[in-house]
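J.:
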DNA sequence: CTAATAGTGTCTTTCAGACATTATTAC
DNA sequence: GTAATAATGTCTGAAAGACACTATTAG
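Protein chains in written order, with full-length UniProt numbering: chain D, 1 to 238; chain P, 1 to 238.
Put into structure tokens, the structure is as follows:
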């Protein structure tokens, strides 16, 4: 990597942003904050911030921002790198490059109240994709990438369980796939496929559940991270 | 992203590194340079360098480094983001974060002679993975990620054609899959599958080729970027 | 002719999608 | 009993893997 002799370096700021996706009821949502400062004051944006210390790990910085701006504990969450966004004109104040992390959270009962930043609120993905909620900077493009990533990873990895509580029913798992993919699935085929993937879900004892009909068995995530065979997405919506 | 008030920022250097993969004969190879400066003087490393100007696009910087260090023209190459590497201790000289790009090149006849940097040489992937060629910094980890990315993308995208010349035979395309995956494939099933993917490869007129046996038809890459159905990788080697 | 590479067809198993049926609860 | 949700089974067509066979060249 560094092969050049020392020379004046351009001042580049490194930011860390977060795309936090969740499922609340049957609605696929993302956590957005309302910007309190210029530029884009009053617009919605992804939560994030700059690196604070020289020796701060970028991943740790993501966890810190998560805590500060949304009061979520990253320890139990699924967090992964989404990508790097470095176009020179993406921030009107100067050269800012952003490392973006993708976090998946189980459905949380209340719109999270930000402690440090201004209002943080769960927002429907549909609202954003339709254009009714414009985003600051290049955050719309980032969100598009995050959604595509999530949709693809549902097929090949056990990511869907990250949207669920520690124990869940198969019907709940199906709602994850339906909401993220924006399709309807056949429950009977879904049961067969999900149960046929070794290590995807394991029965959590002979539990039951509150409803009107027949009680459902509870499961928790197995040790598998990649799914063999995969849960394939219908041709529609691709 | 930026939500904090201005405060002293840590000096962070932004580097751009490249993983350039190719196929020479039946050997899967990566372009490495030999470092001329400390740290890791004399070790092999991925080509790369720092951002030169404040307003330089990171993607453009990758193209520039490609040109400077390997004399390759990025215009015809497949280039995509691989990831962001930002651990605070990854460079002993200070805080350096690297944006890494993955480039795929068709088999080039000669080991490329670097113009700007010291010796650049194609190196067998097997040599590196076996540990016989140690890499500087965290470049071994980066290379592992790149290989896994390439292996997965062969299944679902038309990436394999990026390893080939503008026109190629089906047998040549098969050699790409075999070398990158490290497996042997049945030619007859491979023919059937490849031809069955709409838009993957299209016949380039009724051409022929030099060999001893029956001449092969020539193809070029179609307009498809994602493969339906995918070319699935055998269970082995996963 | 033989050797060598290119390409097609056929059989079997496995899996995805469509859909009928049974099971267990609340009322 | 009815309504509602959970779970299993059955049929059909598409696709994957194994493998036999035909086609076209050089010599």
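Glycine residues also receive a C-beta, built at the ideal position from the N, C-alpha and C atoms.
Note down the Cα distance separating residue 138 of chain P from residue 59 of chain P, rounded to an integer number of angstroms.
T.: 21 Å
J.: For the region 73 to 86 of chain D, enumerate the residues whose C-beta is nearer than 7 Å to any C-beta of chain P, in chain order.
T.: 81, 83, 84, 86
J.: In this structure, what does DSSP give as the bridge partners for residue 29 of chain D?
T.: D:22, D:124, per the DSSP bridge assignment.
J.: What is the residue span of the alpha helix (DSSP H) that residue 56 of chain D lies within?
T.: Careful: residue 56 of chain D lies outside any alpha helix (DSSP H) and carries neither H nor E.
J.: Closest Cβ-Cβ distance between residue 228 of chain D and chain P: below 9 Å?
T.: yes
J.: Check whether the Cβ atoms of residue 29 of chain P and residue 181 of chain P lie closer than 9 Å to each other.
T.: no
J.: Kindly say whether residue 19 of chain P, judged by its beta-carbon, lies nearer than 9 Å to any beta-carbon of chain D.
T.: no
J.: Per DSSP, what kind of secondary structure is residue 86 of chain D in: helix, strand or coil?
T.: coil
J.: Taking 9 Å as the CB-CB cut-off, is residue 56 of chain P touching chain D?
T.: Judged by the 9 Å Cβ criterion, residue 56 of chain P is in contact with chain D.
J.: Given a cut-off of 9 Å, decide if residue 56 of chain P and residue 44 of chain P are closer than it, judged by their beta-carbon atoms.
T.: no
J.: According to DSSP, simplified to helix, strand and coil, what is residue 48 of chain P?
T.: strand
J.: When you compare the CB positions of residue 77 of chain D and residue 162 of chain D, do they come within less than 9 Å of one another, or not?
T.: yes
J.: Take the Cβ of residue 100 of chain P as the centre, count every other Cβ of all protein chains shown within 10 Å, and call the residue buried at 16 or more, exposed below.
T.: buried
J.: Does DSSP put residue 190 of chain D in a helix, in a strand, or in coil?
T.: Correct three-state label for residue 190 of chain D: helix.
J.: Does any C-beta atom of chain P lie closer than 9 Å to the C-beta of residue 141 of chain D?
T.: no
J.: Identify the contact partners of residue 88 of chain D in chain P, using a Cβ-Cβ distance below 7 Å as the criterion.
T.: 55, 56, 57
J.: Determine, using beta carbons only, whether residue 106 of chain P and residue 70 of chain P come nearer to each other than 9 Å.
T.: no
J.: Kindly indicate which residue of D:189, D:81, D:128, D:41 has the alpha-carbon position closest to the one of residue 149 of chain D.
T.: Each of D:189, D:81, D:128, D:41 was checked against the Cα of residue 149 of chain D, and the nearest Cα belongs to D:81.
J.: Starting from residue 283 of chain P, follow the beta strand (DSSP E) in both directions and report where the run begins and ends.
T.: Because residue 283 of chain P is not part of the residues shown, which for chain P are 1 to 238, the question remains open.
J.: Which bits of chain D does residue 30 of chain P rub up against, with CB to CB less than 7 Å?
T.: Contact annotation for residue 30 of chain P against chain D: no contact, minimum CB-CB distance about 15 Å [criterion: below 7 Å].
J.: Starting from residue 170 of chain P and walking both ways along the alpha helix (DSSP H), at which residues does that stretch end?
T.: 170 to 181
J.: Residues in its own chain within less than 6 Å of residue 98 of chain P by CB, not counting five upstream and five downstream?
T.: 15, 17, 85
J.: When you compare only the Cα positions, how much space is there between residue 225 of chain P and residue 146 of chain D?
T.: 19 Å
J.: Which value, in whole angstroms, describes the spacing of the CA atoms of residue 175 of chain P and residue 32 of chain P?
T.: Cα to Cα, residue 175 of chain P sits roughly 23 Å from residue 32 of chain P.
J.: Buried or exposed, going by whether 16 or more other CB atoms sit within 10 Å of the CB of residue 205 of chain P?
T.: exposed
J.: Kindly indicate which three-state DSSP category residue 71 of chain D falls into: helix, strand or coil?
T.: It is coil, neither helix nor strand.
J.: Let me check understanding here. Comparing Cα to Cα, which of P:159, P:203, P:141, P:94 lies closest to residue 169 of chain P?
T.: P:203
J.: Work out the CA separation of residue 36 of chain D and residue 42 of chain D for me, nearest whole Å.
T.: 6 Å
J.: Under the three-state reduction of DSSP, which class applies to residue 231 of chain P: helix, strand or coil?
T.: Of the three classes helix, strand and coil, the one that applies to residue 231 of chain P here is coil, per DSSP.
J.: If you count every other CB in all the chains shown that lies within 10 Å of the CB of residue 153 of chain P, and 16 or more means buried, which is it?
T.: buried
J.: Over the uninterrupted alpha helix (DSSP H) stretch that includes residue 204 of chain D, give me the two end residues.
T.: Run containing residue 204 of chain D: none; DSSP gives neither H nor E here.
J.: Contact criterion: CB-CB distance below 9 Å. Does residue 172 of chain P meet it with respect to chain D?
T.: Not one beta carbon of chain D lies nearer than 9 Å to the beta carbon of residue 172 of chain P.
J.: Can you name, in chain order, every residue of its own chain whose Cβ lies under 7 Å from the Cβ of residue 26 of chain P, other than the five neighbours on each side?
T.: The answer, listed in chain order, is 175, 179.
J.: Give me the Cα-Cα distance between residue 160 of chain P and residue 219 of chain P, rounded to the nearest whole angstrom.
T.: 13 Å
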